[in-house]
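**Student:**
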Amino acid sequence: MKLYHGTNADIESIDISQGLIYKDFGKGFYATPDRETAVRMAQKRARLFGGTATLITYEFNETALQSELNIKQFPEKATVEWFLFVDANRDRKNTEPVHSYDIVIGPIANDGVVLQLTNYREGIYSPEQAARLLQDKYLDQQYYFGTERALRYLKKTNSEAV
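At position 23 of the sequence shown the residue is numbered 22 (numbering that gives the first Met the number 0), and the sequence of numbers has no breaks.
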């Protein structure tokens, strides 16, 4: 399966320690099966931080999904479990990782999700209400790789300016 990573510079080898911590699934490496989503991310990153919008293509060996790796796969739609998982990973009060998964697969928390996270944290909505409000929204999918073991199932096949 092809996965794409949008960034502002080519990456020769993935260094998980360079990942940002308060992301949807925690500190790690992220990719998406949707090329256009990755292109948008590359263009946004280059616009914000300089560099060249770069799309990197990887081949993901799906045997990883039946391997000894610790994998969490959420449904493609927002669920309460996914919503609370994203909230915990994005919570700056959590200074330690909130999970030990090698790979996490699930929706990307876009701006609409961030709004509902804010509403939840401010007590406006319960997690159930927030997840219900997000049910009709299409959320792009992402793959999180959090360990070196997980990265063994990714092979870089191309890099191009976009």
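Ideal Cβ positions, reconstructed from N, Cα and C, are used throughout, including at glycine.
1. Tell me the residue span of the beta strand (DSSP E) that contains K154.
2. Just grab the DSSP bridge partners of Q141 for me.
3. What residues match up with T146 in a beta bridge as DSSP calls it?
4. Taking a contact to mean a Cβ-Cβ separation below 8 Å, would you say N69 touches D23 in this structure?
5. If you count every other CB in all the chains shown that lies within 10 Å of the CB of V85, and 16 or more means buried, which is it?
6. Are P126 and V161 touching if we call contact CB-CB under 8 Å?
7. Under 6 Å Cβ to Cβ from I104, same chain only, skipping five residues before and after it: list those, please.
8. Entirely within the region 63-116 and at least 4 residues each: give me those alpha helix (DSSP H) ranges in chain order.
9. Taking the DSSP output, what are the residues bridged to L47?
10. With 16 other CB atoms within 10 Å as the buried threshold, where does L19 fall?
11. Tell me, please, whether the region 147-161 touches the region 109-128 by the rule of three or more beta-carbon pairs shorter than 8 Å.
12. The beta strand (DSSP E) with L19 in it runs from where to where?
13. Comparing C-alpha positions only, which one of Y3, K26, I10 sits nearest to R91?
14. Anyone know if the C-beta pair for L150 and F144 falls short of 8 Å?
15. Going by DSSP in three states, Y124 sits in which element: helix, strand or coil?
**Tutor:** The answer reads as follows:
1. 153-160
2. Residue pairing from DSSP places Q141 in a beta bridge opposite G105.
3. None, per the DSSP bridge assignment.
4. Result no, Cβ atoms of N69 and D23 do not sit closer than 8 Å.
5. It is buried - the Cβ of V85 has at least 16 other Cβ atoms within 10 Å.
6. no
7. Q72, Y142
8. 79-89
9. In DSSP, L47 forms no bridge with anything.
10. exposed
11. Because the criterion of three Cβ pairs below 8 Å is not met, the region 147-161 and the region 109-128 do not touch.
12. No residue range can be given for L19, since it is assigned to no beta strand (DSSP E) and is classified by DSSP as neither H nor E.
13. K26
14. yes
15. coil
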